[in-house]
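Chains as they are written, first to last, in full-length UniProt numbering: chain X, 1 to 282; chain A, 1 to 282.
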């Protein structure tokens, strides 16, 4: 955690640039961070994503993502000096916190933002060589996607596949909630929603649909059966309201349920992923 | 879930009151819902809390909390008619969504708010008669407190105790994230932080501190030992950054760890509570 990579001779960087005007076009990467539809458009058009907070910025850069620029309150300069020094071509904009709030549309608690280049780091085929995968269907809440990836990474799962409609793991909220696990845990986007259960089966996975369906088997029983004969496992996770689609539920090898107290809503998908990754871990 | 209580003759209620002025004093319960320190003061002074969304409002009222007033966009009137009819003395303020946003300081996605009277529903002594308790130390994030209570309720735990510094389960965010589990799961506030481990022991609980300490025992091993000799169990949960205090960790009967992949942040406290409640469930 304290290993920030090899020390290399750092090329000189120009001094940080103070900015006092919230309309300054150099801040365009950072506008209206809470406006989901604007951000989706802006980030895909320009191929960027936003990391928030010193720790998460550091993890993005250490994972090899290239910064476009940094937007910092002055007090964050010393703590991030090594990161900034490693990227002399990425401008550092220094602003008052009030200006940051005007630009981004919210109070940036941690006072440090970075804009980084998006990259496709893994393919679906890469992921299919793992032995423990979480597969996220239509979870559209960024907080939930970030939390599922964090749980999977913490509990030793090897990667995640996301259906075409699942929320973006590189969206600011996903990144933040994941504490940067979206950078360290390999993930890839499926092109073909309908074919996913078959694809996983052909790659040798036992697919376990997490569901509340009546014919589902108690997760503890599923875990025992899987332990009895070690095999590749993919957990299929659906959206909180409607759960998994019929296609994925019916297409899975096993339907597993986490027993719930009657009259209580099911666990949220992130909590369910923690339980399932723990119980079905390799 | 569709049982909204017995049908009783509903006394006539006066028509809903349209309000067009965001400074109208009748909206005082609903001001600046995102301003945590203002809300803490306002809610404790007036003994109120806020429920958000049709489902959560309904659950609060069904659990016996008495509404002070409702603040609704007009389109929510039909869906909540039975709830409103049951409380003719609680005024119903009907506003445009833009006005609701002005008053509350954010976009009220679900278009329905209620202000309800706070009540102490359970004592610490009540809770000590249970056999499965979660005990929350200094978790100050409302989202986490709400999620822990939801997980505990869903996984069949009987109640929660909260240390004096833990976040308020009736704060709007806690209520919302819990999906109303804060109304159905009994909980109470501890007066004495330092004495909690002893109090639990005297009440017959085996206290299990969830920790990353080096001398902690694998949670799976702890679960096996507890299953071998059925007993009352209390899980002690600490704040995400620093974890449990030394006093609670050292004072617990057992220190348990959820094994994590090296280099990854621990699970967030809500995810950890889901795993622990699942694994140590009675």
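C-beta atoms are modelled at their ideal positions from N, C-alpha and C, and glycine is treated no differently.
What residue from A/176, A/31, A/29 has the CA that sits closest to residue 56 of chain A's CA? Taking the first residue of the second chain as position 1, residue 56 of chain A is located at position 56. Cα-wise, what sits closest to residue 56 of chain A is A/176.
Could you list which residues in chain A have their beta carbon closer than 9 Å to that of residue 266 of chain X, in chain order? Reading the first chain from its first residue, position 266 is the one you call residue 266 of chain X. By Cβ distance, chain A contributes 154.
Length at least 3, wholly inside the UniProt domain "tRNA/rRNA methyltransferase SpoU type" (133–278) of chain A: the beta strand (DSSP E) runs in chain order: Complete beta strand (DSSP E) runs here, min 3: 159–162, 187–189, 205–210, 232–237, 254–257.
Answer with buried or exposed for residue 198 of chain A, where buried requires no fewer than 16 other C-beta atoms within 10 angstroms of its C-beta. Your numbering for residue 198 of chain A matches position 198 in the second chain. Residue 198 of chain A counts as exposed, since fewer than 16 other beta carbons sit within 10 angstroms of its beta carbon.
Whose C-alpha, out of A/78, A/124, A/77, A/86, is nearest the C-alpha of residue 295 of chain A? Outside the modelled stretch of chain A, which goes from 1 to 282, sits residue 295 of chain A, for which no answer is possible.
Within the 8 Å Cβ cut-off, does residue 282 of chain A reach chain X? Here the question's residue 282 of chain A lines up with position 282 in the second chain. Closer than 8 Å to the CB of residue 282 of chain A there is not a single CB belonging to chain X.
Thinking C-alpha only, which one of X/278, X/131, X/36 is nearest residue 219 of chain X? For the purposes of this step, residue 219 of chain X is taken as the residue at position 219 of the first chain. Comparing Cα-Cα distances from residue 219 of chain X to each of X/278, X/131, X/36, the minimum goes to X/278.
Contact set for residue 61 of chain A: own chain, Cβ-Cβ below 8 Å, skip 5 residues either direction: The residue labelled residue 61 of chain A in the question sits at position 61 within the second chain. If we look at residue 61 of chain A and ignore the five residues flanking it on each side, its Cβ neighbours are 67, 83, 86, 87, 114, 116.
Please tell me whether residue 278 of chain A has its Cβ less than 8 Å away from any Cβ of chain X. Locating residue 278 of chain A in the second chain gives position 278, where the first residue counts as 1. Residue 278 of chain A counts as touching chain X.
Straight-line gap, residue 124 of chain A to residue 179 of chain A (C-alpha atoms, nearest Å): To locate residue 124 of chain A, count along the second chain from 1; it is residue 124. To locate residue 179 of chain A, count along the second chain from 1; it is residue 179. Their Cα atoms are separated by approximately 23 Å.
Any beta carbon of chain X sitting closer than 8 Å to that of residue 147 of chain A? As a working note, residue 147 of chain A is residue 147 in the second chain. Residue-level contact by beta carbon holds for residue 147 of chain A and chain X, with a gap shorter than 8 Å.
For the beta strand (DSSP E) containing residue 74 of chain X, name the first residue and the last one. Counted from its first residue, the first chain places residue 74 of chain X at position 74. Unbroken run through residue 74 of chain X: none, as it is neither H nor E.
For residue 136 of chain A and chain X, any beta-carbon pair shorter than 8 Å? Taking the second chain and counting its residues from 1, one reaches residue 136 of chain A at position 136. It does not: the Cβ of residue 136 of chain A has no partner Cβ on chain X nearer than 8 Å.
Would you say residue 173 of chain A lies against chain X (beta-carbon separation less than 8 Å)? For this step, residue 173 of chain A is matched to residue 173 along the second chain. Not an interface residue.
For residue 151 of chain X, go through chain A and note every residue whose CB falls closer than 7 Å to its CB, in chain order. Counting from one through the first chain, the residue named residue 151 of chain X turns up at place 151. Contact note: residue 151 of chain X reaches chain A through 267, 271, using a C-beta cutoff of 7 Å and chain order.
Consider the Cβ of residue 60 of chain A: report whether some Cβ of chain X lies at a distance smaller than 8 Å. Numbered from 1 along the second chain, position 60 holds the residue referred to as residue 60 of chain A. For residue 60 of chain A, no CB of chain X lies under 8 Å from its own CB, so it is not counted at the interface with that chain.
Taking only the alpha-carbon atoms, compute the straight-line gap between residue 184 of chain A and residue 169 of chain A and give it to the nearest angstrom. Residue mapping note: residue 184 of chain A aligns to position 184 of the second chain, counting from 1. Residue mapping note: residue 169 of chain A aligns to position 169 of the second chain, counting from 1. Taken atom to atom, the span from the alpha-carbon of residue 184 of chain A to that of residue 169 of chain A is near 12 Å.
Give the single residue among X/39, X/16, X/25 whose Cα lies nearest to the Cα of residue 167 of chain X. Residue numbering aside, residue 167 of chain X sits at position 167 when the first chain is read from its first letter. Ranking the options by Cα distance to residue 167 of chain X, first place goes to X/39.
Which same chain residues, not among the five before or five after residue 252 of chain A, have their C-beta less than 7 Å away from its C-beta? The count along the second chain starts at 1 and reaches residue 252 of chain A at position 252. Correct list, in chain order: 197, 207, 208, 209, 236.
Compare the C-beta of residue 140 of chain A with all C-beta atoms of chain X and state if any pair is closer than 8 Å. Working through the second chain from its first residue, we reach residue 140 of chain A at position 140. No, residue 140 of chain A does not count as interfacial toward chain X.
What are the partner residues of residue 124 of chain X, as DSSP defines its beta bridges? For the purposes of this step, residue 124 of chain X is identified with residue 124 of the first chain, where counting begins at 1. Beta-bridge analysis with DSSP links residue 124 of chain X to no other residue.
Burial state of residue 2 of chain X (16 or more Cβ within 10 Å): Taking the first residue of the first chain as 1, we reach residue 2 of chain X at position 2. Model confidence at residue 2 of chain X stands at a pLDDT of 43, short of 50, so the residue's coordinates are unreliable; what they give is reported in the following sentence. Its Cβ having fewer than 16 others within 10 Å, residue 2 of chain X is exposed.
Check the Cβ-Cβ distances between residue 274 of chain X and every residue of chain A, and say whether any is below 8 Å. For the purposes of this step, residue 274 of chain X is identified with residue 274 of the first chain, where counting begins at 1. Taking Cβ atoms only, chain A reaches closer than 8 Å to residue 274 of chain X, which makes this a yes.
Give the C-beta separation of residue 17 of chain X and residue 139 of chain X to the nearest angstrom, bearing in mind that I take them to be a contact with Cβ-Cβ under 8 Å. As a working note, residue 17 of chain X is residue 17 in the first chain. As a working note, residue 139 of chain X is residue 139 in the first chain. Their Cβ separation, rounded to whole angstroms, is 39 Å, which puts residue 17 of chain X and residue 139 of chain X out of contact at 8 Å.
Kindly list, in the order they appear in chain A, the residues whose Cβ is closer than 9 Å to that of residue 181 of chain X. For this step, residue 181 of chain X is matched to residue 181 along the first chain. 264, 265, listed in chain order.
Contact criterion: CB-CB distance below 8 Å. Does residue 50 of chain X meet it with respect to chain A? Looking up residue 50 of chain X in the first chain gives position 50. Not a single C-beta of chain A is nearer than 8 Å to the C-beta of residue 50 of chain X.
On a CA-only basis, which of X/25, X/247, X/200 is nearest residue 231 of chain X? Give me that one, please. Locating residue 231 of chain X in the first chain gives position 231, counting from the first residue. Looking at the Cα atoms, X/200 is the closest of the given residues.
Under the three-state DSSP convention, the category residue 115 of chain X falls into: The residue you call residue 115 of chain X lines up with position 115 of the first chain. Reduced to three states, the DSSP call for residue 115 of chain X is strand.
Looking only at its own chain, which residues have a Cβ that is under 8 Å from the Cβ of residue 72 of chain X, when we skip the five neighbours before and after it? Counted from its first residue, the first chain places residue 72 of chain X at position 72. 16, 80, 92, 93, 94, 95, 111, 112, 113, listed in sequence order.
Quick one: residues in its chain with C-beta nearer than 6 Å to the C-beta of residue 171 of chain X, no 5 flanking neighbours on either side, listed in chain order? Your numbering for residue 171 of chain X matches position 171 in the first chain. Counting only Cβ-Cβ distances below 6 Å, and skipping sequence neighbours, we find 142.
With respect to the beta strand (DSSP E) encompassing residue 50 of chain A, which residues constitute its N-terminal and C-terminal limits? Along the second chain, one-based indexing puts residue 50 of chain A at 50. For residue 50 of chain A, the enclosing beta strand (DSSP E) starts and ends at 48–52.
Within 9 Å of chain A by C-beta, residues of the region 245–262 of chain X in sequence order: Taking 9 Å as the Cβ-Cβ cut-off against chain A, the residues of the region 245–262 of chain X that qualify are 258, 259, 260, 261.
Going by the DSSP bridge assignment, what does residue 30 of chain A pair with across the sheet? Indexing the second chain from 1 puts residue 30 of chain A at position 30. Note: residue 30 of chain A sits in no beta bridge, so no partner.
Whole-angstrom C-beta distance between residue 160 of chain A and residue 152 of chain A, which should lie under 8 Å: Sequence index remark: in the second chain, residue 152 of chain A carries index 152 (1-based). Sequence index remark: in the second chain, residue 160 of chain A carries index 160 (1-based). Residue 152 of chain A to residue 160 of chain A, Cβ: 6 Å. Contact.
Just to confirm the assignment, what range does the beta strand (DSSP E) spanning residue 92 of chain X have? By one-based count along the first chain, residue 92 of chain X stands at place 92. Unbroken beta strand (DSSP E) run through residue 92 of chain X: 92–94.
Determine, using beta carbons only, whether residue 13 of chain X comes closer than 8 Å to chain A. What you label residue 13 of chain X is simply residue 13 of the first chain in a count that begins at 1. So no, residue 13 of chain X is outside the interface.
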